[in-house]
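Numbering (my numbering), first residue to last: 11 to 415.
What follows is the structure, encoded as C-alpha cells:
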C-alpha cells in the first residue's frame, strides 16, 4: 500500500447537476428512489419521465446514482442507459485519473455509506450532505490497481446479472407452459371433460398473519422464525426475510407458521397485488393473504395463475387513500378448475423450472455476499490485488465458504 495516496472526496468525485423539466422535454427513462433496491446495487423497476412533473436531474450511461435520502439504505446504482432521476439522487462521475467502476464500488462500500449517514442533515428524513463529505480524505490506490479491484467486483456482478437473465428466460418458459396447458385453444364456454369453472377457495385454503407487538423486545431479538412483510413480495420466491420473530412472538400474536410453497399475495400497501412463494416454512404479517398448497393442486398452478392475472386482482382493489384487496376477494376469484391429472402434468414440467430459478436466486445471494465481503478488503488494501494470481479461483473459494455445510 506504499503507493496509495490520500485524496479529498471532491478531488476524485464530482456531482453532476444537469437539470431537466419533464414538460419541455421528450420521453426518457426515469429512476426514483423507489426504483432502486436497498443494499443490492440493483433496480426493482424503472419509470418514465412522463410520469413525473417536478424538476429532475439528467444522467448518462455509466454515471453513478447515489440515493442521498436515508443513505443507510445503500441505494446505489450504475445504469447502462441515459435518463433522468429524482433530485434526492446524486449523479456522480469520477474525475480524470480515477476509474468510474472503482468509484461505483467505493460509493457502495460500508465505509462511505457510514460516512454519508454521519454527514446527513435532518432527523426524520436525513439526507447526506455533499458539503460535509467533499473535504474528507480517503486513501486510494493508483489507477491500474483501481481497475483491477473494479474488475474483481464487477465479475461478481456480471455473474449475478447472468443468473437474472437466465431466470427471466425460465419465467418466460413457465408462462408458455401455463398458456399451453390452460389458455391456448381452451374454449371457456366449452371446457374439456373433467374441467369446470370454480372459485379459488374451492381449490385452496387461505389464511393471513399478524404483526407481533413492536413494544416487546423479546418478540424480535434473536428471533429465528422467518416473518414476511408485504413489501418483500416482489421477487417471486422468498428465500429469506428482513426480520425474524421468536417463538414467544408466535405464541402471542396472530402470526402463524405457513408451510413451504405457500403462495403469498399482498393485500394492501405499495405492493398490492404482488405475489411470491415461500421456499421455506415462514410466518407473515396481516397485509398478506397466504394460499396454502395441497396435493391435488400444487402451488405452481395458483402461483402462475396469479402472475398471469395480476391486473385482474389489482382491478378488484378498493379504497381511495390506499388500495386494498381483502382475503374474501381473493377467495372468490373465479378461475377454470382443470382436471387433477392435467394440473399434475403441468406441475411436473414447471416445477423443475422453478427449482432452477430458486437455485439461481440462492447463488446470487451468495455472490452478493462475496462481493460485499471482498469490497472492504479490496478497498482497504487488506487483500493485495498484486498477489492475486487467479481471480476466478479467489471467487470460487469465497463461494465455497458461503455454501452451507
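From the three backbone atoms N, C-alpha and C, an ideal C-beta is built for every residue, glycine too.
Tell whether a beta-carbon distance below 8 Å holds between residue i and residue j.
i           : j           : result
residue 117 : residue 102 : yes
residue 46  : residue 85  : yes
residue 56  : residue 74  : no
residue 237 : residue 216 : no
residue 439 : residue 62  : Only positions 11 to 415 of the chain appear in this structure, which leaves residue 439 out of reach.
residue 112 : residue 157 : yes
residue 148 : residue 16  : yes
residue 188 : residue 318 : yes
residue 181 : residue 367 : yes
residue 43  : residue 98  : yes
residue 282 : residue 244 : no
residue 173 : residue 375 : no
residue 39  : residue 58  : yes
residue 67  : residue 30  : yes
residue 163 : residue 346 : no
residue 225 : residue 267 : no
residue 403 : residue 207 : no
Strictly by DSSP, which residues pair up with residue i?
i           : result
residue 247 : 287
residue 76  : 86 and 100
residue 334 : 278 and 328
residue 238 : 294
residue 150 : 15
residue 6   : As displayed, the chain neither begins before 11 nor continues past 415, which places residue 6 out of reach and without an answer.
residue 300 : 217 and 274
residue 254 : 236
So the candidates are the options; which of them puts its Cα closest to the Cα of residue i?
i           : options               : result
residue 386 : 119, 72 and 100       : 119
residue 153 : 53, 389, 298 and 405  : 389
residue 284 : 183, 294 and 246      : 246
residue 28  : 39, 58 and 95         : 95
residue 381 : 68, 70 and 166        : 166
residue 336 : 61, 377, 309 and 275  : 275
residue 378 : 405, 368 and 353      : 405
residue 186 : 203, 363, 384 and 375 : 363
residue 358 : 70, 306 and 370       : 306
residue 233 : 253, 225 and 242      : 253
residue 81  : 69, 91 and 121        : 121
residue 110 : 123, 64 and 87        : 87
residue 37  : 60, 22 and 193        : 60
residue 13  : 271, 197 and 391      : 391
For residue i, which residues from the same chain have a beta carbon less than 8 Å from its beta carbon, with the 5 sequence-adjacent residues on both sides left out?
i           : result
residue 229 : 222, 223, 255, 256, 258, 259, 262 and 263
residue 372 : 249
residue 211 : 341 and 342
residue 134 : none
residue 448 : Residue 448 is absent from the structure shown; the chain starts at 11 and stops at 415.
residue 160 : 109, 111, 112, 114 and 115
Output needed for residue i: all residues of its chain with C-beta closer than 7 Å, excluding positions within five of it in sequence on either side, in chain order.
i           : result
residue 129 : 138, 139, 142 and 143
residue 125 : 143 and 146
residue 349 : 204 and 205
residue 155 : 395
residue 131 : 137 and 139
residue 176 : 370
residue 271 : 287, 288, 303 and 309
residue 328 : 334
Identify, in the order they occur along the chain, each residue of the same chain with its Cβ nearer than 6 Å to the Cβ of residue i, setting aside the five sequence neighbours on each side.
i           : result
residue 313 : 273 and 287
residue 297 : 240, 277, 278 and 279
residue 316 : 285
residue 356 : 191
residue 83  : 48
residue 311 : 353
residue 308 : 357
residue 92  : 70 and 71
residue 22  : 105 and 108
residue 401 : 162
residue 415 : Reliability of the predicted coordinates at residue 415 is poor, the pLDDT of 44 falling under 50, and the value obtained from them is presented with this limitation in mind. The answer is none, since no qualifying residue turns up.
With a cut-off of 8 Å, does the C-beta of residue i fall near any C-beta of chain B?
i           : result
residue 290 : In the structure shown, chain B cannot be found, because there is only a single protein chain.
Using only the alpha-carbon positions, how far apart do residue i and residue j sit?
i           : j           : result
residue 289 : residue 214 : 18 Å
residue 170 : residue 179 : 15 Å
residue 291 : residue 220 : 16 Å
residue 209 : residue 326 : 15 Å
residue 184 : residue 360 : 6 Å
residue 408 : residue 303 : 36 Å
residue 1   : residue 127 : Residue numbering for the chain in the displayed model covers 11 to 415; residue 1 lies beyond these limits and cannot be assessed.
residue 105 : residue 150 : 13 Å
residue 322 : residue 71  : 36 Å
residue 352 : residue 269 : 24 Å
residue 77  : residue 100 : 6 Å
residue 300 : residue 339 : 13 Å
residue 69  : residue 383 : 29 Å
residue 20  : residue 235 : 45 Å
residue 168 : residue 198 : 45 Å
residue 365 : residue 194 : 25 Å
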